[in-house]
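Visitor:
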Amino acid sequence: MATVYKSKIDWWFAVTGLGVMAASVLASINVIVTDSSPTWLWWTALLTAGIGVGLPLWLLLGTDYALDAKHLHIKSGPFRWQVAIADITRITPSSSPLSSPALSLDRLRIDYGRGASIMISPRDKERFIREIEALRRDG
510 MATVYKSKID
520 WWFAVTGLGV
530 MAASVLASIN
540 VIVTDSSPTW
550 LWWTALLTAG
560 IGVGLPLWLL
570 LGTDYALDAK
580 HLHIKSGPFR
590 WQVAIADITR
600 ITPSSSPLSS
610 PALSLDRLRI
620 DYGRGASIMI
630 SPRDKERFIR
640 EIEALRRDG
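Under the working numbering, the first residue of the sequence shown carries the number 510, and numbering increases by one thereafter.
1) Mind checking who Asp620 pairs with in its DSSP beta bridge?
2) Please list the terminal residues of the continuous beta strand (DSSP E) segment that includes Ser633.
3) Would you say the segment 608 to 621 touches the segment 629 to 638, given that touching needs at least three Cβ pairs under 8 Å?
4) Where does Ile583 sit, in a helix, a strand or coil, going by DSSP?
5) Quick check on this structure: which residue in Val540, Ser603, Lys517 and Trp549 has the alpha carbon closest to the alpha carbon of Leu569?
6) Where does the unbroken beta strand (DSSP E) through Leu550 begin, and where does it stop?
7) In whole angstroms, give me the CA-to-CA distance for Arg589 and Leu581.
8) For Leu576, count the other beta carbons within 10 Å of its own beta carbon; 16 or more makes it buried, fewer makes it exposed. Which is it?
9) When DSSP labels each residue in this structure, what does Leu644 get in the three-state scheme?
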């Protein structure tokens, strides 16, 4: 059975996501209430609002990290990664702002394979590290 760790979310990330959602909805409302807007533009505005609200919500609510006996499964909205526990070579703290499936700058950099790495931000970093180290020892 997999243990799931939700991503820690920094306040600025949540505010940015909410800002994108609000801007998408307000821009769409502006197009829809304009009487001279053609019908195709209404549908485009609705699609834009749907994506502008849906994607940030999916990222904010759907970013997590699951550990099972063999793999670390990483989910961030529509994106997915899988890292074999046996391939993990190092776990180090990071605050790098580079793009990653992490909603906080309080991150862990996971090095694996041949020069590959990914950064994640589990809420309970210490427990996550203890569990992954135990899986690496037992694996």
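Every residue, glycine too, gets a C-beta built ideally from N, C-alpha and C. No experiment lies behind these values; they were computed from the predicted model shown.
Guide: Let me lay it out:
1) Per DSSP, the beta-bridge partners of Asp620 are Arg599 and Ser626.
2) For clarity, residue 633 is Asp in the given sequence; the question names Ser instead. In this chain, Asp633 is not harboured by any beta strand (DSSP E), its DSSP state being neither H nor E.
3) Short answer: they touch.
4) Note: Ile583 maps to strand in three-state DSSP.
5) Ranking the options by Cα distance to Leu569, first place goes to Lys517.
6) Not the beta strand (DSSP E): Leu550 falls in the alpha helix (DSSP H), residues Thr548 to Leu570.
7) Taking the straight line joining both Cα atoms gives about 11 Å.
8) So Leu576 counts as buried.
9) Leu644 carries a helical assignment under DSSP once its states are collapsed to helix, strand and coil.
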